[in-house]
Amino acid sequence: MPLEYPLEAYRILSGLTRSAHELPQLLELLEGGIERLRAGDCLDTDFRGASLEEKLQDFRAGLAMASEAAQTFERGLDKAYRAIGHVSYKEAAEPQP
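Letter by letter, the sequence shown follows residues 13 to 109 in this note's numbering.
1) On the criterion of 16 or more Cβ atoms from any shown chain inside 10 Å, does residue 29 qualify as buried, or is it exposed?
2) If you draw a straight line from the C-alpha of residue 34 to the C-alpha of residue 55, how long is it?
3) Should residue 25 go down as buried or exposed, given a rule of 16 or more other Cβ atoms within 10 Å for buried?
4) Closest by CA to residue 46, which one among 71, 58, 31 and 61?
5) Apply the 10 Å Cβ neighbour rule to residue 86 and answer buried if 16 or more other Cβ atoms are within range, or exposed otherwise.
6) Exposed or buried, which one is residue 42 when buried takes at least 16 other CB atoms within 10 Å?
7) Within 10 angstroms of its Cβ, does residue 93 collect 16 or more other Cβ (buried), or is it exposed?
8) Under 8 Å by Cβ, that's how I've got residue 39 and residue 79 pegged, so tell me the actual separation to the nearest angstrom.
9) Can you check whether the CB of residue 17 is closer than 8 Å to the CB of residue 97?
This is how it looks when you write it as structure tokens:
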């Protein structure tokens with residue numbers, strides 16, 4: 013099945029790849045912000061079944077999973093980006109009617 017708009021696909025993949033590349037850093041910043049709130053004794057829990065430390069452990073575990081997923085996503089996007097690059101450049105070099 014031929015791509016109808018490979019140059020547009022290339023541009024979209026480029027933007028997604030850049031965004032995926034930034035996700036791990038954003039997750040680290042989020043974790044740092046929560047840790048600063050914790051260190052300043054500015055966090056509390058509603059105590060419905062788990063302590064603050066248990067909730068923070070879940071939070072950290074979730075961030076670690078999200079970071080791994082973002083890295084896997086980035087690798088997949090990078091592979092697709094490189095694959096479509098030749099097609100889109102060929103399209104861009106063709107004279108327009």
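The beta carbon of each residue, even a glycine, is placed where N, CA and C say it ideally should be.
Short version:
1) By the beta-carbon neighbour count (other beta carbons within 10 angstroms, threshold 16), residue 29 is buried.
2) Distance between the alpha carbons of residue 34 and residue 55: 27 Å.
3) Classification of residue 25: buried, given that the 10 Å Cβ count is 16 or more.
4) The shortest C-alpha separation from residue 46 is found at 71.
5) Residue 86 counts as buried, since no fewer than 16 other beta carbons sit within 10 angstroms of its beta carbon.
6) Exposed is the call here.
7) So residue 93 ends up on the buried side.
8) 5 Å between Cβ atoms; contact.
9) For residue 97 and residue 17, no; Cβs fall outside 8 Å.
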